[in-house]
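Worksheet for the structure shown next.
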Amino acid sequence: MSNFIKKLFGTLAEKPWEKEQAVIDTNHPGKTFNLSLQTSAVIIIFGISTVLFSLILTGYLYTMPQEQNTKFLFKPNLLWVNTIVLFFVTYFFSKITKDLKKNDITKIKKNLILVGGLSYLFLFGQIFFWYQLMQDEKFVTTNTYFSSFYIFTALHGLHLLGGLFFWGKVCSKTLKLEQKEIISQKKSISALSLYWTFLLIVWLVFFLTIYVFNDTVIAWCKALLT
Amino acid sequence: MHVGFIFLAVIVGSILFHIFTPWYWTDIASNWGSMDDTITLTFWIGGGVFVAVCLFMVYCVFKFSYKEGRKAEYKPEDKKLEKILTIATTLGVAALLAPGLIVWNQFINVPKNAIHVDVMAWQWGWQYRLPGDDGKLGSTKVANINDNNPFGIILEDPNGKDDVLIQSDVLHLKNNRPVKILLRSVDVLHNWYVPQFRAKMDAVPGVVTYYWFEPNKVGEYEVLCAEYCGVGHYGMRGRVFVKSEPDYENWLQEQETFSDLVAKQEEIEFSKTKLAKK
Amino acid sequence: MAEDFNDNKTIQAQSSETISGGGAGVTPDKDYVRPAEVADQDLYHGHSFITKWVFCQDAKVIGVQYFLLATFTGIIGLILSWLMRLQLGFPGAAGFMTAEHYYQFVTMHGMIMVVYFLTALFLGGFGNYLIPLMVGARDMVFPYVNMVSFWMFFVAVGVLLASFFVPGGPTGSGWTLYPPQAILEGTPGSGMGIILMCVSLILFVAGFTMGGLNYLITVLQARTRGMTLMRMPLTVWGIFTATVLAMLAFPALLVSAIMMSLDRILGTSFFMPTILKAGEMLEYGGGSPILFQHLFWFFGHPEVYIVALPAFGIISDLISVHSRKNIFGYRMMVWAIVVIGALSFFVWAHHMYVSGMHPWFGFFFATTTLIIAVPTALKVYNWILTLWRGNIRMNTVMLWCLGFIVTFVNGGITGIFLGNVVVDVPLSDTYFVVAHFHMVMGIAPLMVIMGAVYHWFPLVAGRMLSEKLGKWHFWFTFLGAYSIYFPMHYLGFIGVPRRYFEMYDSPYITSAVGMNEFISTAAFIVGAAQFILIYNIVVSLKMGKPAGKNPWQANSLEWHTPTVPPEHGNWGDKLPVVHRWAYDYSVPGAKEDFIPQTTPPSEVADTEVEKT
Chain A
5 MSNFIKKLFG TLAEKPWEKE QAVIDTNHPG KTFNLSLQTS AVIIIFGIST VLFSLILTGY
65 LYTMPQEQNT KFLFKPNLLW VNTIVLFFVT YFFSKITKDL KKNDITKIKK NLILVGGLSY
125 LFLFGQIFFW YQLMQDEKFV TTNTYFSSFY IFTALHGLHL LGGLFFWGKV CSKTLKLEQK
185 EIISQKKSIS ALSLYWTFLL IVWLVFFLTI YVFNDTVIAW CKALLT
Chain B
-9 MHVGFIFLAV IVGSILFHIF TPWYWTDIAS NWGSMDDTIT LTFWIGGGVF VAVCLFMVYC
51 VFKFSYKEGR KAEYKPEDKK LEKILTIATT LGVAALLAPG LIVWNQFINV PKNAIHVDVM
111 AWQWGWQYRL PGDDGKLGST KVANINDNNP FGIILEDPNG KDDVLIQSDV LHLKNNRPVK
171 ILLRSVDVLH NWYVPQFRAK MDAVPGVVTY YWFEPNKVGE YEVLCAEYCG VGHYGMRGRV
231 FVKSEPDYEN WLQEQETFSD LVAKQEEIEF SKTKLAKK
Chain C
197 MAEDFNDNKT IQAQSSETIS GGGAGVTPDK DYVRPAEVAD QDLYHGHSFI TKWVFCQDAK
257 VIGVQYFLLA TFTGIIGLIL SWLMRLQLGF PGAAGFMTAE HYYQFVTMHG MIMVVYFLTA
317 LFLGGFGNYL IPLMVGARDM VFPYVNMVSF WMFFVAVGVL LASFFVPGGP TGSGWTLYPP
377 QAILEGTPGS GMGIILMCVS LILFVAGFTM GGLNYLITVL QARTRGMTLM RMPLTVWGIF
437 TATVLAMLAF PALLVSAIMM SLDRILGTSF FMPTILKAGE MLEYGGGSPI LFQHLFWFFG
497 HPEVYIVALP AFGIISDLIS VHSRKNIFGY RMMVWAIVVI GALSFFVWAH HMYVSGMHPW
557 FGFFFATTTL IIAVPTALKV YNWILTLWRG NIRMNTVMLW CLGFIVTFVN GGITGIFLGN
617 VVVDVPLSDT YFVVAHFHMV MGIAPLMVIM GAVYHWFPLV AGRMLSEKLG KWHFWFTFLG
677 AYSIYFPMHY LGFIGVPRRY FEMYDSPYIT SAVGMNEFIS TAAFIVGAAQ FILIYNIVVS
737 LKMGKPAGKN PWQANSLEWH TPTVPPEHGN WGDKLPVVHR WAYDYSVPGA KEDFIPQTTP
797 PSEVADTEVE KT
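So the protein sequences, as listed, match chains A, B and C. Here the first sequence is numbered in our numbering, starting from 5 and rising by one per residue. Here the second sequence is numbered in our numbering, starting from -9 and rising by one per residue. Here the third sequence is numbered in our numbering, starting from 197 and rising by one per residue.
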């Protein structure tokens, strides 16, 4: 990070009109970071979505410290399972990234399918959890706590669906590939892997603040505001 | 050439307009002359910069218009000049900001002797509530509002019993006595604004906001809603009378208190039951 | 050099190859260019009419599409403003005008002009057309996504305009869409209108994100050889930084639009407290209207700079080219753009000084707001210092630049009034605010757009616009717009509140009747004058003087394509190589008063550049 800042601000101090600088500049390859286009795109989407989710979280913390019922009747349940599933997805993606270095195409193909399957399982788990909530008469209109809960899970799910769309494209291409051709999909696969890591981070922040430690967080917020 | 002259005319015209304009401040009728002063200060500094920048531009237009064969100066940057300009601008900005913050500090700290006035807004009207002899307003809740309790006063709160209720959009204020306007709204955003008093603040449903001023000119003023509140926004007016102390006390005596209202309603209830018994 | 990931290595490799003595910075072959490292971009070339002009993946065509659609919505916004001014200047003159209609027009005018006109035009229009050309790329990095971006915008505009035809009409909640009022009865269009507005905004944000992804990655990762960040024209810097802002600010708009539509459709209470309406308690409770304002202005303030920064960038280039002089203090200009962009995320609550938020915020936001005035002022100084000792061509483009400086400085100064918290108290929600933001965010960027149109039309169409018509267009627009908004500030001093359908007869308002009539008349004339441009464009497309290559003798890459107008792929067989920054005008010792970025040092061997 410090390197990055140094690079960036070092650049801003250049005097492009001076002859010495011109000689150096003309050698520039035209690329700022050593990243593939796909990875750059994922990083930018990462940035945008981070703002999106932080704003929802901030809004939640802003309206929360009022008298609202935040109790789940059946708290330690499905959401833990879903979280573990998401962990597994990221784990398998990290395996894929390792195999990419070894060019182990069969393992990559196998894990790629596994990753997609587990992601769909996660989504299914989320929808089932919604179903359970509604059975318990916790609807999106019940109070702002549950409104935030639903909107956050929905947007996270949509992000995952978006990722799965690209996963489908990459997967269908990869499955047709021979051992040596894997290089053509390398960039896309590692970009996907990064995206899933990001989704896991977002999920964990949400899971911990709104679900696991919700009462502590709300109490802390109340204390802060009064 | 004519380009420079037209731009010059625009700048001179702006200055002349400012000097001779018939449209300027509505006469102030509160203690917030300091707000007008900060605006005047901003006008001088800001206006000075505007005129200076534009005149320099016009000078460049006259002096450096295209001539075949002349070559422009080649100068990528001038660190010294840029440093001077940065410092000068920072000083100018600080000179504007400091007095602004000082006055803001006065604006948000209400004097202790201020009379509290509850201003309740809805689509589209106002009503007011003044504290009784205890000098305190009773607390309220939107959910309590009904025909018998138009202000939603919490019945258990002893401070509310002697509150003076004014169910009309005409408010009377005592001259030379600070007032703290406590704003609340039962539906959407509103804003209780009297141009002559300068100050304003939104009324936000769900919370109570406030501001204060000290009226210092006896007279009648018009209240405007200054935050868009739906289709009746432009018609949401009220009136304020600033009165000398004896006149104000006379008016206050005639107003109904909350306990009066409750008693009256009980009387009506009582006569109703009596009627029913007969 | 510092920003490259592998530059040191290359420089060393090169020095060992080419320099025998190894003197740092002295290369015998000054024209040396590193070989290309990345394979050339594969482009999809459309052949049918549909793939060439409708669902086209060429950033230039997409840019023109954005430009045309944004202009179309802009004209609708202009007509709405006429109707509003008709009511304000001559109440009752338009028989059909009710308060409902008036507020609907106010809302749609504001939203269209800010989001669907200015943002789309600067980033979608100029961004798409100019970024690849100016950084020397063949196209945007993801052309397909870029195409989808435009068509999302198209659908967003469609949904927005559809709201004129639904029962209840479009929303009339003011362009800020403040709840609870926006979704409650009592506000026009609180039924379908507000829902369609939210949907349209969501689509716009989604589409725009796709475009923005392209602009960012193209600027960062797909420049041509020799194009360092600090060699880019300021136009690219402005658009790039504005896109970064947009990427970080639009999520706030997205969140507020989603939450508000949920409040409206499902009955959630994100922004809705307990509400008593017409004697009945509504089924809302627990939400906060001020949260919406925070979210909205967290988007809304950077939005101002999303429009302003590209304008800053473009105007810098126009002034430089037509003064035949390098932009004064290029580095300061870049820093100012970056600093303004960063600060713009810490000033949003200056729109909320009288909103009832905690009063202590006033101290913080007033300070940050006035700090942002410093880099902005530096930019203004540098523009006029660029004119100084230049060789200024008094053509139409330069007129728009001068008009921009006057209106921008004027609007910027009034911004200092409104940013300084206590000064804002009497002035907020009055016509002073209206005058301020129209001057700084309406007229000033419009001046830039017009200047840019006259400047780049020869590149896009291959023909010049008529100078004579252009000058008439300018003087009508500039003098007219100035006489609309300059006096309007004084209405604010009187205390005339904004968003009033009718003023009635408040004693201090009646004195302003004459001024309102004058302002309205000027508004009709200025609006009508815009059709001079449309006429000019239509006529010049066929009959204009052929522009030829580089009619303005400019340096930046977009004027140095092998064909004019540039074709799909921009550069023919070979990508250009950049040897210098974009501002080598009037270099001492050079024969011409400009040296294009592609000119290698050996061709201009006699130039002398003093050290600073």
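Each residue gets a CB set at the ideal place from its N, CA and C atoms; glycine is no exception. What you are looking at is a predicted structure, and each value in this text was computed from that prediction instead of being measured.
- In the structure shown, Cys225 of chain A adopts helical secondary structure according to DSSP, grouped into three states.
- For Lys521 of chain C, the chain B residues whose Cβ falls inside 7 Å of its Cβ are Ala62 and Glu63, in order along the chain.
- For Gln117 of chain B, the enclosing beta strand (DSSP E) starts and ends at Gly115 to Leu120.
- Listed along chain A, the residues sitting closer than 9 Å to His775 of chain C by beta-carbon distance are Ala26, Asp29 and Thr30.
- Ranked by how close their Cα comes to the Cα of Ala724 of chain C, the residues C:Ile272, C:Glu698 and C:His651 have C:Ile272 in first place.
- B:Val213 is the residue among B:Val213, B:Val197 and B:Ile143 whose C-alpha sits nearest the C-alpha of His162 of chain B.
- Counting along the chain, Gly599 of chain C sits inside no beta strand (DSSP E); it lies in the alpha helix (DSSP H) bounded by residues Thr592 to Gly615.
- Within chain A, no C-beta atom comes less than 8 Å from the C-beta of Ser359 of chain C; the nearest is roughly 24 Å away.
- Note on geometry: alpha-carbon atoms of Lys105 of chain A and Thr54 of chain A lie some 29 Å from one another.
- For Gly434 of chain C, the closest alpha carbon among the candidates C:Gly407, C:Ile327 and C:Phe524 is that of C:Ile327.
- Excluding its 5 nearest sequence neighbours in each direction, Ala289 of chain C has C-beta neighbours in its own chain below 6 Å: Leu282, listed in chain order.
- Ranked by Cα distance from Gly607 of chain C, the first of C:Phe682, C:Lys256, C:Phe338 and C:Val618 is C:Phe682.
- Ranked by how close their Cα comes to the Cα of Gly615 of chain C, the residues C:Val550, C:Lys664 and C:Glu499 have C:Val550 in first place.
- Between Ser123 of chain A and Leu56 of chain A, the gap from beta carbon to beta carbon reaches 9 Å or more.
- Taken in chain order, the unbroken stretches of alpha helix (DSSP H) that lie wholly in the stretch 422 to 499 of chain C and span 4 residues or more are 430 to 461.
- Annotation for Ile60 of chain A: Phe156 place their beta carbon closer than 6 Å to its own, counting only its chain and skipping 5 residues before and after.
- In the same chain as Val198 of chain B, and ignoring 5 residues on each side of it, the C-beta atoms closer than 8 Å to its own belong to Leu172, Leu173 and Arg174, in chain order.
- Within the stretch 412 to 429 of chain C, the residues whose Cβ lies closer than 8 Å to some Cβ of chain A are Leu412, Ile413, Leu416, Gln417, Ala418, Arg419, Thr420, Arg421, Gly422, Met423, Thr424, Leu425, Met426 and Arg427, listed in chain order.
- Chain C has no Cβ within less than 9 Å of the Cβ of Gln243 of chain B.
- The way I'd put it, the stretch 419 to 435 of chain C doesn't touch the stretch 392 to 408 of chain C; fewer than three beta-carbon pairs between them come closer than 8 Å.
- The DSSP-derived three-state label of Val197 of chain B is coil.
- The DSSP-derived three-state label of Thr794 of chain C is coil.
- Arg227 of chain B sits in a strand when the DSSP states are folded into three classes.
- Of B:Ile135, B:Leu265, B:Asn165 and B:Ile156, the smallest CA-CA separation from Thr470 of chain C is found for B:Ile135.
- Using a CB distance below 8 Å, the part of the stretch 39 to 67 of chain A facing chain C consists of Leu39, Leu41, Ser44, Ala45, Ile48, Ile49, Gly51, Ile52, Ser53, Val55, Leu56, Leu59, Ile60, Gly63, Tyr66 and Thr67, ordered along the chain.
- Listed in chain order, the positions of the stretch 231 to 260 of chain B with a beta carbon within less than 7 Å of a beta carbon of chain C would be empty, since no residue qualifies.
- Exclusion of the five residues before and after Met330 of chain C leaves Pro429, Val432, Ser752, Leu753 and Glu754 as the residues of its chain whose Cβ lies within less than 6 Å of its Cβ.
- With 16 or more other Cβ atoms from the protein chains shown falling within 10 Å of its own Cβ, Asp513 of chain C counts as buried.
- Flagged as an interface residue toward chain B: Met477 of chain C, by a C-beta distance shorter than 9 Å.
- Contact check for Ile187 of chain A against Asn107 of chain A passes: the beta carbons are separated by less than 9 Å.
- In this structure Ile533 of chain C touches Leu505 of chain C by the C-beta definition: roughly 6 Å separates them, less than 8 Å.
- Only Ser519, Arg520, Lys521, Asn522, Phe524, Gly525, Tyr526, Arg527 and Met528 from the stretch 502 to 529 of chain C bring a Cβ to less than 8 Å from some Cβ of chain B.
- Following the DSSP letters along the chain, one finds Ser175 of chain B in no alpha helix (DSSP H) but inside the beta strand (DSSP E) bounded by residues Val169 to Ser175.
- Apart from sequence neighbours up to five positions away, the residues of its chain that approach Pro747 of chain C with a beta-carbon distance below 7 Å are Pro654 and Met660, ordered along the chain.
- In the structure shown, Ala708 of chain C falls within a coil segment according to DSSP collapsed to helix, strand and coil.
- Of the other Cβ atoms in all chains shown, 16 or more fall within 10 Å of the Cβ of Phe202 of chain A; this residue is therefore buried.
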